[in-house]
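Only one structure is covered here, and it is reproduced in the block below.
Residue numbers (my numbering): 597 to 910.
Following this line, the structure appears as C-alpha cells:
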C-alpha cells in the first residue's frame, strides 16, 4: 500500500488530503491518481492525455521534484525516497487553477517573445520548399523534442525569484531551435528577442536540465544562445562582458581577477556603486587590488583545455 498526500486547491481553498492505494505491478503515479478519482474521490482534478510520455500534460511534482506522472512508477519512487508516502502537488511557478491543474495560457503567450517562427531565406520558394542537409537538421533536432510539460519551469530557481524579467526555460529551448535552424534568414532577430527576455539572467543552476524528462538540456540551450550572441556581435551588455572578462582571465592567468571583474563587466561608474561590497570582499581576503594578480602555474594547460573545448563545440 502507498499513501498519496495530494495538495488540493478548490475555489481559493487549500488543503492537503491523503489517499491510500494498493500498489500493483507497473502502476504509475498517473494510474494511482486515476484510481483515486474513479474509486475514492471524483472531485480530484488533474490533467492527462496520451499516457505515453510524449504529450507532457500530466506533469506534477512528487516529493518536491517535477515528474511526468505517466512514466514514473509508484514502486520506483517509494524505493527512491524510502517512504510509502508520496507528496503530490501541482507544478511550481504556475498559477494553480484547481488541485493539480495549472494555467498554461500565460506561458504559451510568453513564447511569442522569442519570435518562434522560421523566416525562410530568400533562396527558398513555395515551389521548391526549404530544404536543408541532415547535418544542419542535427544541429537543432534535439530541441524539437520539447513536449511542453513544464517540468523545467517548475524547478527554475530564476523563475521562482522573478518571472517578470526572465522567460521560461522551454521558451529558450524554442529560441535555440529556431536560431540554429539553417533555413532561417535572420537569427539575430530571435537573439535580440531573448536578450530582451533575460537571457543573461539565468542562474545556471541546471535544475531545468536535471528535471527535463526528455533530457533536452534547457540550460545547454541557454548557453548556446549566449554563445550565438557573440557570433552575431550582440555582446554589448553586462552579461556578455562579464562572460568575456572571465574568459580572458582564464586564458591569461588561469584564475579570476576579482578586483577587476566587476569593472570589466559594468564599467567604472556602476562598479563604484558597489564599493561597499568590494570593501567587504577585501576585509575577508577575497580580493586585494594592491596585490598583483597571481598566475596559475598550469595556465598553459588550462588554455589548451579551453581551446580544445572550443574546437569540440565547433
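In this text, a Cβ means the ideal position worked out from N, Cα and C, and glycines have one as well.
Residue burial classification, residue i (beta-carbon count within 10 angstroms, cutoff 16)
i	result
residue 718	exposed
residue 708	exposed
residue 685	buried
residue 604	buried
residue 763	buried
residue 723	exposed
residue 868	exposed
residue 624	buried
residue 740	exposed
residue 828	exposed
residue 698	buried
residue 803	buried
residue 670	buried
residue 672	exposed
residue 628	buried
residue 896	exposed
residue 734	exposed
residue 813	buried
residue 843	exposed
residue 598	buried
residue 817	buried
Limits of the unbroken beta strand (DSSP E) element including residue i
i	result
residue 805	It is not in any beta strand (DSSP E) - residue 805 instead sits in the alpha helix (DSSP H) that spans 803 to 807.
residue 558	Here the chain has residues from 597 to 910 only, and residue 558 is not among them.
residue 650	Counting along the chain, residue 650 falls outside any beta strand (DSSP E), and DSSP gives it neither H nor E.
residue 799	Counting along the chain, residue 799 falls outside any beta strand (DSSP E), and DSSP gives it neither H nor E.
From the options, residue whose alpha carbon lies closest to that of residue i
i	options	result
residue 906	813, 806, 847 and 662	847
residue 782	727, 859 and 824	824
residue 654	630, 770 and 831	630
residue 771	698, 711 and 895	711
residue 891	901, 873, 636 and 845	845
residue 696	740, 610 and 728	610
residue 715	898, 777 and 735	777
residue 656	614, 678 and 748	748
residue 805	829, 742 and 758	742
residue 608	675, 646, 692 and 661	692
residue 837	732, 675, 753 and 859	859
residue 683	843, 661 and 895	661
residue 756	726, 895, 688 and 822	688
residue 679	600, 822, 879 and 721	600
residue 866	833, 606, 883 and 879	833
residue 811	616, 650 and 720	650
Separation of residue j from residue i, as counted between CA atoms
i	j	result
residue 855	residue 738	40 Å
residue 876	residue 870	10 Å
residue 807	residue 796	21 Å
residue 700	residue 690	8 Å
residue 793	residue 801	18 Å
residue 853	residue 644	51 Å
residue 774	residue 760	23 Å
residue 658	residue 681	10 Å
residue 705	residue 768	14 Å
residue 908	residue 902	10 Å
residue 888	residue 849	11 Å
residue 703	residue 881	44 Å
residue 618	residue 677	18 Å
residue 863	residue 648	52 Å
residue 784	residue 826	11 Å
residue 620	residue 751	30 Å
residue 791	residue 873	27 Å
residue 731	residue 746	29 Å
residue 831	residue 736	23 Å
residue 674	residue 602	15 Å
residue 622	residue 646	17 Å
residue 861	residue 819	18 Å
residue 758	residue 642	26 Å
residue 857	residue 899	19 Å
residue 893	residue 789	42 Å
residue 636	residue 668	21 Å
For residue j and residue i, believed in contact at Cβ under 8 Å, the rounded distance
i	j	result
residue 652	residue 744	5 Å
residue 664	residue 809	5 Å
residue 633	residue 640	5 Å
residue 754	residue 798	6 Å
residue 728	residue 779	6 Å
Run of the alpha helix (DSSP H) containing residue i, from where it starts to where it stops
i	result
residue 775	765 to 775
residue 817	814 to 827
residue 786	783 to 792
residue 876	871 to 879
residue 749	747 to 751
residue 630	625 to 635
residue 837	834 to 848
residue 897	895 to 909
Any chain D beta carbon closer than 8 Å to residue i
i	result
residue 873	Here there is only one protein chain, and chain D is not present.
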